[in-house]
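K.L.:
Let me begin by handing over the structure; questions about it come next.
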Amino acid sequence: MVGQALFLLFALFTLLMALGTVVARNLFHAALFLVGVFFGIAVLFILLEAEFLGVAQIVIYIGAIATLIVFAIMLSRNVMGKEAGAYNSQWRWALAGVVFFFLILSWLLVRMPFSLVQAQVPADAITQIGQGFVGHYVVPFEVASVLLLVALVGAIMLARER
Amino acid sequence: MDLRALGESFIAWLEGLGIPHGWVLLINWILGALIILGIALLLALALIWLERKLAGRIQDRLGPNRVGPFGLIQPIADALKLLTKEDITPANADRITYNLAPIIAVFHVLMLFVVIPFADKVVGANINVGILYLMAFGSLGTMGMLMAGWASRNKYALLGGFRVVAQLMSYEIPIALVMMIPVLLVGSMNLNEIARGQGSLLGLGWNVWIMPAAFILYLVAALAEGERAPFDLLEAESEIVAGYNIEYSAMKFAWFYLAFFLNTWILSAIATTLFLGGWQGPFVDKMPALGVVYFFAKTLFMFFVFAWIRATFPRLRIDQMMAFCWKVLVPMALTLLLGAAIIVKLGTQLSLPTGTVPILMLVMNVVVLLATLSLLGRYTRTLRARQNKRLFTPELPRL
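One line per chain: the protein sequences are Z and D, in this order.
If you read the first sequence in our numbering, its first letter stands for residue 3, the second for the next number, and so on.
If you read the second sequence in our numbering, its first letter stands for residue 3, the second for the next number, and so on.
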């Protein structure tokens, strides 16, 4: 019962923050709302007894990605003004893309059969995740890291002084 | 006296009063949270006095000496003064973000207190992903400072915010890598398990003996993470006045100040737990309450080292600070982590006799440390030779 109430509370919080991310006029505020969304999702993971995923969510999304987003916004123009605008002339294309993506996602969500299993979360879940990364799923894991490396090298090449 | 037994007898007493189990748990959690909060705030007062007194003594001054014996009540007087000061908000400030920033700054440090084991199993939440949790909430602090820097609408505050991100995010990488080495050795991310794993040799088998290079690296990176000298570029008065908290006054400033001191204490506590054995010490298995004494003694020693360095060293230049992180600390941390991983794997795979793994680890650490030092020494020599050659050109070589 308590778990249910907490879930509803944090789900509502996450949704409100997500709404704020989209409608905030100020780009910096939108980024801060996004941090709220990530935090809410981390809490939801922890309510599902997926401690590792919850904490990893905070490390990666709030600690790294959101901070970099905020940093990028701070380096953009007019950051000190009241209205660091969130819209530019490309908003129609962005809207079309977002609506298309939303339709795909909702179609997937409706069609997807979610299988529910009545089982306890194993106590050594972290160990299993770790062994999965270097065992059964080693190829996708390594491919993801190579992708990141390529992005890193590319960024350095772009930023390098000649 | 066993602290754990004390807690359990308290629960039994509450249940004896006829309170339902769920409420007992709730009362227990709230009490635990309040105890941790109380410890943290009292500690902050003590630490502020200690740091000021130490810095005073090291710099041949008296330090606080007017209020109370040895100036002991000085922090309370300071807190009262800050409470009664006028609370100014800049007219242009972004109000909500501006007021939220000090709350997040303190909140993230207080959240870190939750997973620190003060003695065997005397810990707020004994979670399995302790180290990851420390990194997660540690990085939340960056967010608070960034918000403070942006919301003040002051160019010095904004520059301070930039520096926060540049410094804290860069130094998070070596610190995270080096924190993984004790995890590899023990095979658990639970801080209590890591402290327990250092109990050999009468509770003196600490990690620092077998991984001195990792410990020194942690110490240096922790100085940067804690915004302490010689890495206190975030509040370099001569360059950006006071950094991200320039527009904060009265209690809101005090909150940043509090977060700063508690952050240093937490970094000392992490160093203690990971490298200095945490609550381990002689006879701790017979008298578990001794663990608290050992833990606080070691943590205070680490805090003393931090204060000592702060009172002694001048500030680095910002390009030196970044170059040192990316060109020295990160490669060194990667080498140490790789070496430790290979050694631990060899130990389990070849089933080496006990005692071989620690010795191999020590040898690897010493080799890496000496290699780093000799490389740095050679670099300094070439730098000096170049400087001597162009003695009369004003241009300084870039690191």
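Ideal Cβ placement from N, Cα and C applies to all residues, glycine included.
Opposite Gln-124/D in the DSSP bridges: which residues?
P.N.:
Reading off the sequence shown, one finds Val at residue 124/D, where the question assumed Gln. Beta-bridge pairing links Val-124/D to Ala-121/D.
K.L.:
Alpha carbon to alpha carbon, how far is Phe-233/D from Phe-308/D? Give it in angstroms, no decimals.
P.N.:
Distance between the alpha carbons of Phe-308/D and Phe-233/D: 12 Å.
K.L.:
Consider the C-beta atom of Phe-120/D and the heavy atoms of the ligand ATP; say whether any pair is separated by less than 6 Å.
P.N.:
The ligand ATP is not among the ligands present in this structure, which contains no ligands whatsoever.
K.L.:
Along the region 97–111 of chain D, where does the CB come closer than 9 Å to a CB of chain Z? Name the residues.
P.N.:
Residues passing the 9 Å Cβ filter: Ile-98, Thr-99, Leu-102.
K.L.:
Could you compute how far the alpha carbon of Phe-303/D sits from the alpha carbon of Trp-267/D?
P.N.:
Using only the alpha carbons, I get a separation of about 10 Å.
K.L.:
Just the C-alpha distance for Ala-74/Z and Ile-242/D, rounded to the nearest angstrom, thanks.
P.N.:
So the alpha carbons of these two residues sit roughly 21 Å apart.
K.L.:
Which of the three DSSP states is assigned to Gly-151/D in this structure?
P.N.:
If DSSP states are grouped into helix, strand and coil, Gly-151/D belongs with the helices.
K.L.:
Express the C-alpha separation of Arg-162/Z and Val-155/Z in angstroms, rounding to a whole number.
P.N.:
Rounded to whole angstroms, Val-155/Z to Arg-162/Z spans 10 Å at the Cα level.
K.L.:
To be precise: take each residue of the region 23–40 of chain Z, compare its Cβ to all Cβ atoms of chain D, and keep it if any distance is under 9 Å. Which residues remain?
P.N.:
Flagged, chain order: Asn-28, Phe-30, His-31, Leu-34, Val-37.
K.L.:
Out of Thr-275/D, Trp-152/D, Leu-264/D, Ala-231/D, which has the shortest C-alpha to C-alpha gap to Gly-205/D?
P.N.:
Here the closest residue by C-alpha is Thr-275/D.
K.L.:
Give me the Cα-Cα distance between Ile-106/Z and Ala-98/Z, rounded to the nearest whole angstrom.
P.N.:
Computed Cα separation, rounded: 13 Å.
K.L.:
Just confirm the distance between the C-beta atoms of Ala-107/D and Phe-258/D, as a whole number of angstroms; I'd bet it's less than 8 Å.
P.N.:
With a Cβ gap of about 6 Å, Ala-107/D and Phe-258/D count as contacting.
K.L.:
If I measure Cβ to Cβ from Ala-44/Z and keep anything under 6 Å in the same chain, skipping five residues before and after, which residues do I get?
P.N.:
Closer than 6 Å at Cβ, skipping near neighbours: Gly-56, Gln-59, Ile-60.
K.L.:
Could you tell me whether the Cβ of Thr-16/Z comes closer than 7 Å to any Cβ of chain D?
P.N.:
So no, Thr-16/Z is outside the interface.
K.L.:
Report the three-state DSSP secondary structure of Ser-251/D (helix, strand or coil).
P.N.:
In the structure shown, Ser-251/D sits in coil (DSSP, three-state: anything other than H, G, I, E or B).
K.L.:
I'd like the list of long-range same chain contacts for Ser-251/D, defined as Cβ closer than 8 Å, with 5 residues on each side in sequence excluded.
P.N.:
Answer for Ser-251/D: Lys-87, Glu-88, Asp-89, Ile-90, listed in chain order.
K.L.:
For Thr-69/Z versus Thr-356/D, is the C-beta spacing smaller than 7 Å?
P.N.:
Contact: no.
K.L.:
Got a sec: which bits of the region 135–151 of chain D sit with their beta carbon under 9 Å from any beta carbon on chain Z, in order along the chain?
P.N.:
Flagged, chain order: Tyr-135, Met-137, Ala-138, Phe-139, Gly-140, Ser-141, Leu-142, Thr-144, Met-145, Leu-148, Met-149, Gly-151.
K.L.:
What's the call for Met-3/D, buried or exposed, on a 16-neighbour Cβ count within 10 Å?
P.N.:
Confidence is the limiting factor: at Met-3/D the pLDDT is only 48, short of 50, which leaves the residue's position unreliable, though a coordinate-based value still follows. That one is exposed.
K.L.:
To the nearest angstrom, report how far apart Ala-81/D and Ala-153/Z are at their CA atoms.
P.N.:
So the two alpha carbons sit approximately 49 Å from each other.
K.L.:
Any residues in the region 342–359 of chain D with a beta carbon nearer than 9 Å to a beta carbon of chain Z? Which ones, in chain order?
P.N.:
Under the 9 Å Cβ criterion, the region 342–359 of chain D contributes no residue.
K.L.:
CA-CA distance, Val-295/D and Thr-384/D?
P.N.:
Looking at the two C-alpha atoms, the distance is approximately 48 Å.
K.L.:
Could you name the residues of the same chain whose beta carbon sits closer than 7 Å to that of Gln-61/D, not counting the 5 residues immediately before and after it, in chain order?
P.N.:
Ala-313.
K.L.:
For Ile-272/D, which option in Ala-48/D, Ile-175/D, Phe-217/D, Val-359/D has the closest C-alpha, if you only look at C-alpha atoms?
P.N.:
Of the listed residues, the one whose Cα sits closest to Ile-272/D is Phe-217/D.
K.L.:
Roughly how many angstroms lie between the CA atoms of Ile-75/D and Pro-66/D, to the nearest whole one?
P.N.:
Approximately 9 Å, taken between the alpha carbons.
K.L.:
Should Phe-41/Z and Val-131/D be called a contact, given that it needs their Cβ atoms to be closer than 7 Å?
P.N.:
Contact: no.
K.L.:
If we count the other Cβ atoms within 10 Å of its Cβ and call it buried at 16 or more, is Asp-122/D buried or exposed?
P.N.:
By the 10 Å Cβ count, Asp-122/D comes out buried.
K.L.:
Measuring CB to CB, does Leu-219/D end up less than 7 Å from Ala-335/D?
P.N.:
Cβ atoms of Leu-219/D and Ala-335/D: closer than 7 Å.
K.L.:
Strictly below 9 Å CB to CB, what residues from chain Z border Met-171/D?
P.N.:
What Met-171/D touches in chain Z: Gly-65, Ala-66, Thr-69, Leu-70, Phe-73.
K.L.:
Using a Cβ-Cβ cutoff of less than 8 Å, which residues in the same chain neighbour Met-323/D once the five nearest sequence positions on both sides are dropped?
P.N.:
Once the five neighbours on either side are set aside, the close Cβ partners of Met-323/D are Gln-169, Ala-226, Phe-233, Leu-235.
K.L.:
When we look at the beta-carbon of Arg-59/D and count the other beta-carbons within 10 Å, is it buried (16 or more) or exposed?
P.N.:
By the 10 Å Cβ count, Arg-59/D comes out exposed.
K.L.:
With distance defined between alpha-carbon atoms, name the residue in Ile-13/D, Phe-115/D, Phe-164/D, Thr-99/D nearest to Ile-37/D.
P.N.:
Of the candidates Ile-13/D, Phe-115/D, Phe-164/D, Thr-99/D, the one whose C-alpha sits nearest the C-alpha of Ile-37/D is Phe-115/D.
K.L.:
Going by the CB atoms, is the gap between Val-166/D and Met-441/D shorter than 7 Å?
P.N.:
The structure shown does not extend to residue 441/D, since chain D spans only 3 to 401, so no value can be given for it.
K.L.:
Please confirm whether Val-45/Z has its beta-carbon closer than 7 Å to some beta-carbon of chain C.
P.N.:
Here chain C cannot be found, since the structure's protein chains are Z and D.
K.L.:
Can the beta-carbon of Asn-128/D be found closer than 7 Å to that of Asn-194/D?
P.N.:
Result yes, Cβ atoms of Asn-128/D and Asn-194/D sit closer than 7 Å.
K.L.:
Among Ala-197/D, Trp-51/D, Arg-63/D, which one has its Cα closest to the Cα of Gly-70/D?
P.N.:
Closest by alpha carbon: Trp-51/D.
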